[in-house]
DNA sequence: GCCACCCGACCGACCGCGCGGTATGCCTAT
DNA sequence: ATAGGCATACCGCGCGGTCGGTCGGGTGGC
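Chains as they are written, first to last, in our numbering: chain H, 1 to 204; chain D, 1001 to 1204.
Written as structure tokens, this is what we have:
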């Protein structure tokens, strides 16, 4: 009934709807100027609505930020589940998951920038929820590396936890320097990153 | 006679001095709560002075933040110069520089956290100055990797730029998860990180 | 040796502004 | 008639920054 329909003045165009437009505007502005330096007024102006509309759909500015976190967490969790359930040699699966993480990060650069810059502005309980979800992601990835260590295809003299943390750090940092449209595409970067990870884990 | 002497003009170094206390308090609070969520009043309260004192030594809150950046940049530049001027096999020098970067980061965790979280709050020209300094650091490190590639001790099928960027990202992220006093010491973490970097760069 | 003077260090009360958030009501579709 | 979707006007607060004033010790003239 109301899923595909949108409000104002006929359904002639596929207009994204007010909540989605607010979320998109907030994502762009938060990534560009930072959460604290972006006023609610600027967000609603960019979305073409007023504060009344925003506070109709979101309880607070913090709520808007949390919606961005939820969107990225949901996406990551879904992708991770796919790779965890896949079959094949463990080294290939780790490589695919590592490259895909880079690919996904490049495709959602704004989210990635916001994620690691504005975590401390979330309320304590929401921050804990985000950390919990991230921890699940981390432990699943680490588990794949440990599986490779047990199988003997990865070196075991470096803790899987350290290797996973190092790689995640590098990926999280992508949002700080990567510019889409440059000479390095997302998949190409993912291939390089995954290659360096796998080579680093190769036994002597 | 001069043991009781304190103050900025004296040679005695007993008391840290008001500017230093302000910088230390700001560093701790900015790292803990974030720059925007820390008021000037909180900083001066933690330093045991008043706003008048702070604005006597620092032109603005932004100026206080920039002082933190300058301190870290100076430290990093000095250390890198030492490793660049050192002698010995290039692989050993890269390993030493990589491990030292981790060590230094762990020893200045608050600075590291602030560095990559609050860059966007600096004024445009100061942000450019910081980026320029960081770029010099990056290019020096990249140059060492390229030297190893030319010497044949590092693989050349991955750009040195990508390898350096990946490593720096991992190091920058340390401030988000590392807790001093845990079971993993700074030097131990540095050894693991450098080991993974060197192994990733090892030729087939 | 003493006083008049001065200057930097620092205090604390104050200001204007822009922020996040709210109350209320109109408009349209059902 | 009713209810949700959204606009408009408004509020109180806490922020970064300012400014006149105080205090103490160094300095030069006599």
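Positions of the beta carbon are idealized from the N, C-alpha and C atoms, including for glycine.
Because the structure is a prediction, the values reported are computed rather than measured.
- Annotation: the continuous alpha helix (DSSP H) that includes residue 138(H) extends over 124-151.
- For residue 62(H), the nearest beta carbon of chain D is not closer than 8 Å to its own beta carbon.
- Less than 8 Å divides the Cβ of residue 153(H) from the Cβ of residue 90(H).
- Minimum Cα-Cα distance from residue 148(H) among the listed residues 70(H), 193(H) and 92(H) corresponds to 92(H).
- Under the Cβ criterion (8 Å, minimum of three pairs), the segment 1136-1143 of chain D counts as touching the segment 1156-1164 of chain D.
- Rounded to the nearest angstrom, the Cβ distance from residue 1036(D) to residue 1121(D) is 7 Å, consistent with a contact under 8 Å.
- With contacts defined by Cβ atoms closer than 8 Å, residue 119(H) and residue 102(H) do not form a contacting pair.
- Between the C-alpha atoms of residue 1175(D) and residue 1076(D) there is a straight-line separation of about 16 Å.
- Against chain D, the CB of residue 107(H) has no partner CB under 8 Å away; the residue lies outside that interface.
- Burial state of residue 41(H) is exposed, judged by a 10 Å Cβ sphere holding fewer than 16 other Cβ atoms.
- Using a CB distance below 7 Å, no part of the segment 1139-1156 of chain D faces chain H.
- Between the segment 1047-1065 of chain D and the segment 1015-1026 of chain D there are three or more inter-stretch CB-CB distances shorter than 8 Å, so the stretches are counted as touching.
- Assignment of residue 1184(D) by DSSP, reduced to helix, strand and coil, places it in the coil class.
- Check the Cα spacing between residue 106(H) and each of 45(H), 199(H), 193(H) and 133(H): the tightest is with 193(H).
- Considering only beta carbons, the part of the segment 1024-1048 of chain D lying closer than 9 Å to chain H consists of 1032, 1033, 1034, 1035, 1036 and 1037, in chain order.
- Spatial neighbours of residue 1086(D) in its own chain (CB-CB distance under 7 Å, excluding positions within 5 residues in sequence) are listed in chain order as 1093.
- Residue 1030(D): member of the alpha helix (DSSP H) spanning 1018-1033, first to last residue.
- Taking the Cα positions, residue 1181(D) is about 22 Å away from residue 128(H).
- Bounds of the alpha helix (DSSP H) holding residue 44(H) are 40-47.
- Comparing alpha carbon positions, the residue from 72(H), 100(H), 204(H) and 52(H) closest to residue 110(H) is 72(H).
- Secondary structure at residue 83(H): helix, using DSSP grouped into helix, strand and coil.
- Secondary structure at residue 69(H): helix, using DSSP grouped into helix, strand and coil.
- Around the C-beta of residue 1052(D), fewer than 16 other C-beta atoms lie within 10 Å, and the residue is accordingly described as exposed.
- In the assembly as shown, residue 1146(D) is a buried residue. Its beta-carbon has 16 or more other beta-carbons within 10 Å.
- Here residue 64(H) has 26 and 58 as same chain residues with Cβ atoms under 6 Å from its own Cβ, once five neighbours each way along the sequence are excluded.
- Residue 172(H) counts as buried, since no fewer than 16 other beta carbons sit within 10 angstroms of its beta carbon.
- For residue 110(H), the nearest beta carbon of chain D is not closer than 8 Å to its own beta carbon.
- Taking 8 Å as the threshold, the shortest C-beta distance from residue 1115(D) to chain H does not fall below it.
- Using a CB distance cut-off of 8 Å, residue 104(H) does not count as an interface residue toward chain D.
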